[in-house]
Amino acid sequence: MTEKYLSLNGKKYYYDEIAAYSFRNSTPLNGYESKTLEFCRSWLNGVQEFPIHTSGSTGLPKTIQLTRNQLEASARRTVQLLHLQPGDSMLVCLNTEYIAGMMMLVRGFLADLQITIVEPVSNPLALVSPEENFAFGSFVPMQLHTILQETPERILQLNRMKGILVGGAPVTPTQQRELQAIKAPIYHTYGMTETASHVALRKLNGADAADYYNVLRDIEVGLDKRGCLTIKGDVTNNELLVTNDIVELLTPTRFRWIGRADNTINTGGVKVQTEKVELAIAEAFADLTDSPRFFIAPQPDEVLGDKIVLVLEGHPLAPEAEQDVLQRLRQHLKKFEMPKEVYYSPSFSETATGKVSRQRTLQKIGLHAD
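Just so we're aligned: the sequence shown equals residues 1278 to 1647 in my numbering.
Okay, here's the thing in structure tokens:
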């Protein structure tokens, strides 16, 4: 019987030596490799509870405990949905200290897949041979965008996959248009650390692309009084989890995501959903060759209570270019939804998982941050 192994940054590690920690003194490791193998060792030795860090993109980072049963229940659904078989190869290119990358490892172990792990860089396919046949991969939107822009020939490698997951951030209209070039099915994930990764998926490409999420089997969803999604299932230890996500519940197993309850800005007595405005801004930037990252935020105002401002990353746009963007926005937004001022940050602050930290970015440029 062939000994099982995984590949980490081009180096082979056999499961028995990972479990016994026998490689530790003979193989030099960087910090990412060490932490990745530490989780693998715990998993292979049957550890039943795992401390997992939240990303801190929507609040203060924290550590929560998830059980092995929760992780396995989540992994099993994904494996079955994508029809993954023992021996299929998978690419792990998300940070394994956080739930998205960690769950890739769990899926690999659970389904007896051949695991290839690389550093979570912007173009992970540049770290592997174009000849490698991966059946499965998971990316953040920026990684897929970079792959298509920098190495468009690698689309053939993506097309050979049974399924591709993308999550961790919204997919912009420009990015979704780019993804239509990929033939392999791509699913935008909905989930969080507390649900052991995703509990619902939205098809992004092909004839059956949708603007709503389908809830995975045996997961119960509902709404609280605020219109926010509630989740219950084996991945939550059958406890009711109340999210901060405002959704439109279309059926008992299908919902359309609207935005986060804490992303509602009350300006002049009118409630504005941040995500709606940011979608319009993304459309306004869609024709630009190099569109900057951005977000909107509330800032104190004597008349409105809070005014909406737009924060762009990078060098300031030329005045005429800035006015052009604002003029385009006026075609999509109502007067009270329009940003009242534009600010610039040379670079956005990020969380450990690469998400934009709005609070730290606002503080860095001297704006109010709740």
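Backbone N, C-alpha and C fix where the C-beta goes; we use that ideal spot for every residue, glycine too.
Per-residue DSSP class, three states only, for residue i
i: GLU1579; result: coil
i: ARG1494; result: coil
i: SER1351; result: helix
i: VAL1398; result: coil
i: ALA1477; result: strand
i: MET1278; result: Residue placement at MET1278 is flagged as unreliable, the pLDDT there being 44, under the threshold of 50; the coordinate-derived value follows with that caveat. Three-state DSSP puts MET1278 in coil, outside helix and strand.
i: GLN1362; result: coil
i: TYR1309; result: helix
i: ILE1424; result: helix
i: CYS1505; result: strand
i: THR1451; result: helix
i: THR1544; result: strand
i: ILE1459; result: coil
i: ALA1486; result: coil
i: ALA1446; result: coil
i: GLN1608; result: coil
i: SER1319; result: helix
i: MET1615; result: coil
i: LEU1594; result: coil
i: ALA1297; result: helix
i: ALA1403; result: helix
i: GLU1471; result: helix
i: THR1513; result: helix
i: GLU1409; result: coil
i: LEU1371; result: coil
i: LEU1603; result: helix
Anticipated Cβ contact below 8 Å, residue i with residue j, distance rounded
i: GLY1483; j: SER1474; result: With a Cβ gap of about 23 Å, GLY1483 and SER1474 do not count as contacting.
i: LYS1617; j: VAL1586; result: 6 Å
i: THR1344; j: GLU1315; result: That pair is no contact at about 18 Å.
i: MET1615; j: ARG1607; result: 7 Å
i: ILE1341; j: VAL1369; result: Rounded, the Cβ-Cβ distance is 22 Å, inconsistent with contact.
i: THR1313; j: LEU1348; result: In fact, because the Cβ distance is near 16 Å, the residues do not count as touching under 8 Å.
i: GLY1444; j: HIS1465; result: 6 Å
i: THR1428; j: ASN1400; result: 6 Å
i: PHE1411; j: MET1438; result: 6 Å
i: HIS1645; j: GLN1550; result: The pair is not a contact, with the Cβ atoms about 20 Å apart (cut-off 8 Å).
i: LEU1390; j: MET1367; result: 5 Å
i: ASN1514; j: ALA1538; result: The Cβ separation is near 24 Å, so there is no contact.
Within 8 Å, strictly: CB atoms of residue i and residue j
i: LEU1371; j: CYS1317; result: no
i: VAL1417; j: GLY1631; result: yes
i: PHE1413; j: ASP1488; result: no
i: THR1331; j: THR1507; result: no
i: VAL1519; j: LEU1481; result: no
i: ILE1441; j: PRO1407; result: no
i: ILE1376; j: LEU1283; result: no
i: ILE1432; j: LEU1425; result: yes
i: ILE1542; j: ASP1583; result: yes
i: ILE1535; j: GLU1555; result: no
i: SER1622; j: SER1634; result: no
i: VAL1476; j: VAL1492; result: yes
i: TYR1620; j: VAL1580; result: no
i: GLN1652; j: LEU1404; result: Nothing can be reported for residue 1652: it is not among the residues displayed for the chain, which extend from 1278 to 1647.
i: ALA1557; j: LEU1610; result: yes
i: GLU1396; j: TYR1309; result: yes
i: ALA1561; j: VAL1524; result: no
i: LYS1288; j: THR1304; result: yes
i: PRO1450; j: ALA1629; result: no
Residue i CB to nearest heavy atom of the ligand PLP below 7 Å
i: PRO1569; result: Because no ligand of any kind appears in the structure shown, any question about the ligand PLP cannot be addressed here.
Boundaries of the alpha helix (DSSP H) in which residue i is found, first to last residue
i: ASP1667; result: The requested residue 1667 is not part of the displayed model; the chain covers only 1278 to 1647.
i: GLY1385; result: 1376 to 1388
i: ALA1618; result: The sequence given here places Glu at residue 1618; Ala does not occur at that position. Looking at the DSSP string, GLU1618 is not in any alpha helix (DSSP H); the run it does join, the beta strand (DSSP E), is 1618 to 1622.
i: LYS1641; result: 1635 to 1641
i: ASN1436; result: 1432 to 1436
N- and C-terminal bounds of the beta strand (DSSP E) containing residue i
i: ARG1537; result: 1531 to 1537
i: THR1551; result: Note, THR1551: premise wrong, no beta strand (DSSP E); alpha helix (DSSP H) at 1551 to 1562.
i: PRO1328; result: 1326 to 1330
i: ILE1441; result: 1440 to 1443
i: GLN1241; result: Residue 1241 falls outside the range modelled here, since the chain spans only 1278 to 1647, and no answer is possible.
i: TYR1290; result: 1288 to 1291
i: PHE1416; result: 1413 to 1416
Are the region 1452 to 1459 and the region 1629 to 1641 touching, with three or more C-beta to C-beta distances below 8 Å? Verdict: no, contact absent.
Examine the Cβ distances between the region 1288 to 1297 and the region 1345 to 1363 and report whether three or more of them are shorter than 8 Å. A contact is defined here as three or more CB-CB pairs under 8 Å, and the region 1288 to 1297 fails this definition with respect to the region 1345 to 1363.
Check whether the region 1520 to 1530 and the region 1489 to 1498 are in contact - that is, three or more C-beta pairs closer than 8 Å. Contact between the region 1520 to 1530 and the region 1489 to 1498 is present: three or more C-beta pairs spanning the two stretches fall below 8 Å.
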